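Just below is one structure, and these are the notes that go with it.
Numbering (my numbering), first residue to last: 1256 to 1665.
What follows is the structure, given as structure tokens:
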């Protein structure tokens, strides 16, 4: 006989087993957090890899552009057919490429022409002198490029420069490659220029950011899980404490929503709009994809940055912004007045920009930072960095309201 009010032995055992409500809640919580955590990690990796490719393009573009300017597409096409090492143009171009390679941070600098399938043939190799048998590839040397075929194929198909993924090489470590097309007089892509360079610093910065994200997420998830266990710890007899179970479930649901919103905010905080603009405030071809999302405008290349944000600010702000950009481009004035980074940042009239997305009509708060970049040869650009801090500002406002409510209650 059981005493009045006690549970049968089988019921107690079932409560502690896999079929108990507490166990199912805990399993659901763990699986949900694991799924959200996976999404955060995957999204972070994709965004950071995208930024890595943008930086890699900026490092390699000046080199391949210089090589493309000195290569005659018709002469290259003829050489790829004759494979004549006595061709004067071959030696002249090889020496010019070698000179450029030795003055840059390239590991390898070379040209290739397609043969068939995944087979390509080296035509002009500017990576090293011909007596360097380990590095130099003689005219006509064939190689199966299956491992890095896709970016090369995209270069030939689109006739535009293409960047490879961040790859590990046993000899050089982490490497990024940039490819540019070689066009003949008919506009056909008859070969590619390849430039490989080290990316150890990019790789280390990439994984440093990912590691910080993982640690922060792990701490957050652990704290949430501990809080959850604390909330449901008292739910051990569902037939006697239905009310407690209901309250705990509601509390857990609210905690899950807060955690999901916080994780979403952390994921969105990684999004960055990067772009270059010239002295006429024109956005250059290469910019991060998120810039289109945050501004709500597609295909930004060639558009004037000041005109894009003009609908969201007053004319006086536009005037101040133009004066600020002119100051960034005028490096001699900056140096003569000894402006430091903090002083230049304080002069920025749109550090926090109240922006209206023309696509969604959403009111956003954008943090806008700018620095001048000298790419040599008299080429000056301003690098823009735009982040959506709307959620951050709304959270600050909400916290201030909660503090005011607490003080009013006291």
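Heads up, the beta-carbon is just placed ideally off N, CA and C, and yes, glycines get one too.
Model, not experiment: these values are computed from the prediction.
Asked: Where does residue 1557 fall in DSSP's three states?; Found: coil
Asked: Do residue 1631 and residue 1452 count as a contact pair if the criterion is CB distance below 8 Å?; Found: no
Asked: Quick one: grab the DSSP three-state call for residue 1537.; Found: strand
Asked: Measure the beta-carbon distance from residue 1604 to residue 1575 and round it to whole angstroms, keeping in mind my assumption that it falls under 8 Å.; Found: 4 Å
Asked: So, for residue 1481: in the same chain, excluding its five sequence neighbours on each side, which residues have a beta-carbon less than 7 Å away from its beta-carbon?; Found: none
Asked: Is the CB-CB distance between residue 1435 and residue 1445 below 8 Å?; Found: no
Asked: Given 8 Å as the limit, is there contact between the region 1339-1347 and the region 1361-1373, that is, 3 or more CB pairs closer than that?; Found: no
Asked: List in chain order: all unbroken alpha helix (DSSP H) runs of 4+ residues lying wholly within the region 1566-1635.; Found: 1570-1584, 1586-1591, 1596-1602
Asked: Which first and last residues belong to the beta strand (DSSP E) in which residue 1398 is found?; Found: 1397-1399
Asked: Label residue 1633 either buried or exposed according to how many other C-beta atoms from any shown protein chain fall within 10 Å of its C-beta, with 16 as the threshold for buried.; Found: exposed
Asked: Please determine, among 1567, 1359, 1317, 1381, the residue with the shortest C-alpha to C-alpha distance to residue 1346.; Found: 1381
Asked: Please state whether DSSP places residue 1564 in a helix, a strand or coil.; Found: helix
Asked: Relative to the C-alpha of residue 1532, which candidate in 1401, 1638, 1393, 1647 has its C-alpha closest?; Found: 1638
Asked: Quick one: what's got a C-beta closer than 7 Å to residue 1419's C-beta in the same chain, skipping five residues either side?; Found: 1403, 1406, 1431, 1432
Asked: Go ahead and pull the three-state DSSP assignment for residue 1417.; Found: strand
Asked: Can you tell which of 1597, 1602, 1550 has the C-alpha that lies nearest to the C-alpha of residue 1572?; Found: 1602
Asked: Give me the Cα-Cα distance between residue 1518 and residue 1288, rounded to the nearest whole angstrom.; Found: Confidence at residue 1518 is low in this model, with a pLDDT of 46, below 50, so its placement is unreliable and the value that follows should be read with caution. Each residue's alpha carbon lies about 10 Å from the other.
Asked: Among the candidates 1536, 1541, 1537, whose CA atom is the shortest distance from the CA of residue 1529?; Found: 1541
Asked: Where are the alpha helix (DSSP H) runs, 4 residues long or more, that stay fully inside the region 1323-1377, in chain order?; Found: 1328-1337, 1343-1357
Asked: Mind checking whether residue 1620 and residue 1644 have CB atoms under 8 Å apart?; Found: yes
Asked: What distance in whole Å lies between the Cβ atoms of residue 1564 and residue 1236, which are believed to be in contact at a cut-off of 8 Å?; Found: Not covered by the structure: residue 1236. The range shown for the chain is 1256 to 1665.
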